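Structure first, then comments.
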Amino acid sequence: MFWSRTVYILLVILAVAILASCAGPYNAVGPYSAYTRGPTFSAQQINIPPNSIDSFLIQTPENSHMRSPAHFSSSRANITFSPDKMLFNTDTPLAITIRSATPLSKNYEIIASLNGQDVTAQAKRVISNPKILTLYFNSAYFQKKLDYTFAVFFRNSPNDSWSDAVLEEAGCSLSAQDQFFFPKSRSGKYAVISYVELMSRKNNLNPSLIYGLINQESSFNPKAFSPKMAVGLTQMTLRAARQVAMAGPEWPIYENLESLPFIEGKFLIETGQIHGDMDWRLGPEKSIEGGIAYLRYLSDFWAKYLKGLNNSSSSQTLDREKSMCNLVLASYNLGPARLKSILKESAESQQTEWNKIRPYLRSIKTDCFQTSRGHYEKKTARL
């Protein structure tokens, strides 16, 4: 019996190993082709500009070789993506459409490059029109903790210059009044989402961004309680809750919560022994109102900070809308005082902290982008 069991276990391990080897290596756009993986290109070979240092404060690019699809002249091919932004931790098909200025020749060249690796062979090619070529990737999954440069290059003949485009990361505006694709309802969790839209628009904030923030913070669990003692839908810490509670007595706080062991605090919240009448963070509507009020406070805080940069040389090229979104969301997670301290540190230290917080921002911005485009309209059952 012992030997038969041992042999059985060894056979299972061997089978798993064989299956794993058969699966082959994967990248963000699926498995490599079984026949060809394509050459590896350096940034210089395919003219990918070195990435500028991404950070809390975003500078407007001056003369990047990469152009967005809207900037192509009529003599060049137009390259577009669908979805038109890079979405993180979301498995979705990716289509690249090339509209040539002239009918496609037999000698046209196309390169889809992922971090310098030619992945064109992993896509299906479809010519739907004498001037239109589409590459289809069945699956694209970009991990939020990793960095990607996904670029496409096309020329209709070897004598033509290259047309190119880069897939940009999903972004999100703090105040834009985006469309919000959720069913309107007065009951259940739909009612909470409807209230998110109502209060966001009332406070001139982007409802899609508030949705993304709450989804990231609590997954819409009104009784969420973290080991860091953050509470409710909007996961407000005691310090943030006190900032909101300065508005008046209608914002009660259960001050003893932080002194309790985490397991005990979680039990008392789950069983309703600590509830919204005792701490505003546990009332779903109050949590949304308070979270939005705190975002308004952070927005004012960083508006003053950016105003103070007016006389600096870097302020002339600052993308204020993107920078404001990064600062507000990052300080929601880190605290404004902590982030302001980070911005006084060396560029290397700032980059280290940015790399830590960036996955959090990417999750919120991806949710924001998808919600504003209606990608979640039929997926609300997961909430």
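Each number in this note's numbering comes from the position in the sequence shown (counting from 1) with 1 added on.
Even for Gly, the Cβ is constructed at its ideal location relative to N, Cα and C.
It should be emphasised that the depicted structure is a prediction, and the values quoted were computed from it without experimental measurement.
Between Ser288 and Leu214, the alpha-carbon positions lie close to 12 angstroms from each other. In the three-state reduction of the DSSP assignment, Glu265 falls in the helix class. Straight-line spacing of the CA atoms in Pro94 and Cys369 works out to 19 angstroms.
Bridge pairing for Ser164: Phe155 [DSSP].
DSSP assignment within the region 237–283 yields the following whole alpha helix (DSSP H) runs of 4 residues or more, N-terminal first: 239–246 and 263–271. Here the alpha carbon of Ala113 sits roughly 43 angstroms from the alpha carbon of Met237. Secondary structure of Val120 (DSSP, three-state): coil. For the 8 angstroms CB-CB criterion, Lys146 and Arg100 do not form a contact.
Cβ-Cβ distances below 8 angstroms link Pro253 to Ala246, Asp278, Met279, Asp280 and Trp281 in the same chain, with the five nearest sequence neighbours on each side left out; the list follows chain order. Contact between Thr98 and Thr81 is confirmed by a C-beta separation of about 5 angstroms, below the 8 angstroms threshold. Around Tyr196, the same chain offers Pro285, Glu286 and Ile289 as residues with beta carbons nearer than 8 angstroms, after the five sequence neighbours per side are excluded.
DSSP places Asn130 inside the beta strand (DSSP E), whose first and last residues are Lys125 to Asn130. Across the structure, Tyr298 and Val127 are spaced so that their CA atoms are roughly 51 angstroms apart.
Spanning the alpha carbons of Asn116 and Val232 requires a straight line of approximately 40 angstroms. Rounded to whole angstroms, the separation of the alpha carbons of Leu319 and Gly375 is 30 angstroms. In this structure, DSSP gives Ser114 an extended state, which the three-state scheme calls strand.
Taking the C-beta atoms as reference points, Ser373 is found no nearer than 8 angstroms to Ser227. Put simply, the region 165–183 touches the region 82–90. At least three CB pairs are less than 8 angstroms apart. The alpha-carbon separation between Asp148 and Ile293 amounts to approximately 30 angstroms. In the displayed model, Asn139 falls within a strand according to three-state DSSP. One alpha carbon belongs to Arg156, the other to Ala166, and they sit about 12 angstroms apart. The bridge partners DSSP lists for Val197 come to none. Per DSSP, the unbroken beta strand (DSSP E) holding Ala96 starts and ends at Thr93 to Arg100. About 20 angstroms separates the CB atoms of Leu258 and Gly249; that is not less than 8 angstroms, and the two are not in contact. Taking a C-beta distance under 8 angstroms as the contact criterion, Ser324 and Ile59 qualify as a contact pair. Across the structure, Asn327 and Ser176 are spaced so that their CA atoms are roughly 13 angstroms apart. The DSSP-derived three-state label of Asn108 is coil.
For Phe82, the three-state secondary structure derived from DSSP is strand. Glu271 is the residue among Ser56, Glu271 and Tyr306 whose C-alpha sits nearest the C-alpha of Lys224.
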